[in-house]
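Q: Each residue of the sequence shown is one higher than the one before, counting from 1 in full-length UniProt numbering.
Glycine is no exception: its CB is placed at the ideal position from the N, C-alpha and C atoms.
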Amino acid sequence: MEPLKVFQQKIKTQIEAIEQDLEDYQDTFDEGDIIERRAKLRVLSEVLTEYECMFAEELTPAHKKMRGKRLLYVFNDVDYRTIEQLNFTIRTYVVLKKANYDTAQQLREANLEDIPNISQKSIEEIKRKLNL
1 MEPLKVFQQK
11 IKTQIEAIEQ
21 DLEDYQDTFD
31 EGDIIERRAK
41 LRVLSEVLTE
51 YECMFAEELT
61 PAHKKMRGKR
71 LLYVFNDVDY
81 RTIEQLNFTI
91 RTYVVLKKAN
101 YDTAQQLREA
111 NLEDIPNISQ
121 KSIEEIKRKL
131 NL
């Protein structure tokens with residue numbers, strides 16, 4: 001199997017395992033465990049969709065939605081959240097990690113909570129705001 005397919009399969013396996021855990025142990029998990037697992041699911045799904053979008057010859061409706069997707073932030077009382085728990089594409093996540101941003105609070109302090117679209121333009125806007 002080619003390496004890209006192996007990577008894709010590993011992500012799918014992780015997603016399936018987390019979904020199975022949530023289904024099997026939902027009565028024993030506390031709210032924090034459930035939130036953590038759902039955040040991991042969202043990040044893994046985002047990684048998988050971004051990956052498929054990069055290598056898709058024909059874009060499916062999910063890929064088209066991904067390309068035009070707006071960043072959704074949950075900045076009310078969750079400044080402690082890591083950027084992994086927020087709704088970013090891989091490209092945006094990588095830029096923020098390279099700039100040493102780890103939490104929602106840091107993004108708020110840098111006035112980065114209003115970046116409009118996930119596109120090359122918004123990546124450039126992030127870099128400009130971060131002076132990269």
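1. R38: which of I15, K98, E50 and K97 sits nearest, CA to CA?
2. May I ask you to list the residues that DSSP assigns as paired with T103?
3. Can you grab the Cα-Cα spacing for the pair K5 / L48, in whole Å?
4. Do you know how far the Cα of N131 is from the Cα of K12?
5. Among T28, K129 and A17, which one has its Cα closest to the Cα of K40?
6. Which of helix, strand or coil does DSSP assign to T92?
7. Within its chain, find whatever has a CB closer than 7 Å to the CB of D33; leave out the 5 residues flanking it on each side and keep chain order.
8. Sorted by chain position, which residues of the same chain lie with C-beta nearer than 6 Å to P116's C-beta, five sequence neighbours on each side aside?
9. Between R91 and V43, what straight-line distance do the alpha-carbon atoms span, to the nearest angstrom?
A: Taking the coordinates as given:
1. Here residue 38 refers to the residue found at position 38 when the sequence shown is read from its first residue. Cα-wise, what sits closest to R38 is I15.
2. Here residue 103 refers to the residue found at position 103 of the sequence shown. In the DSSP output, where bridge partners are listed per residue, T103 has T82.
3. Translated into positions along the sequence shown, residue 5 becomes position 5. Translated into positions along the sequence shown, residue 48 becomes position 48. The straight-line gap from Cα to Cα measures roughly 11 Å.
4. Counted from its first residue, the sequence shown places residue 12 at position 12. Counted from its first residue, the sequence shown places residue 131 at position 131. Cα to Cα, K12 sits roughly 36 Å from N131.
5. On the sequence shown, position 40 is the one that residue 40 refers to. Considering only alpha carbons, the answer is A17.
6. Residue numbering aside, residue 92 sits at position 92 when the sequence shown is read from its first letter. Looking at T92 - three-state DSSP - the assignment turns out to be helix.
7. In the sequence shown, counting from the first residue as 1, residue 33 sits at position 33. Contacts found: none.
8. Within the sequence shown, the letter at position 116 stands for residue 116. The pLDDT assigned to P116 is 45, lower than 50, so where the model puts this residue is not dependable; a value taken from the coordinates is nonetheless given after this. Same-chain partners within the cutoff: there are none.
9. One-based indexing of the sequence shown puts residue 91 at position 91. One-based indexing of the sequence shown puts residue 43 at position 43. Cα to Cα, the separation comes out at about 13 Å.
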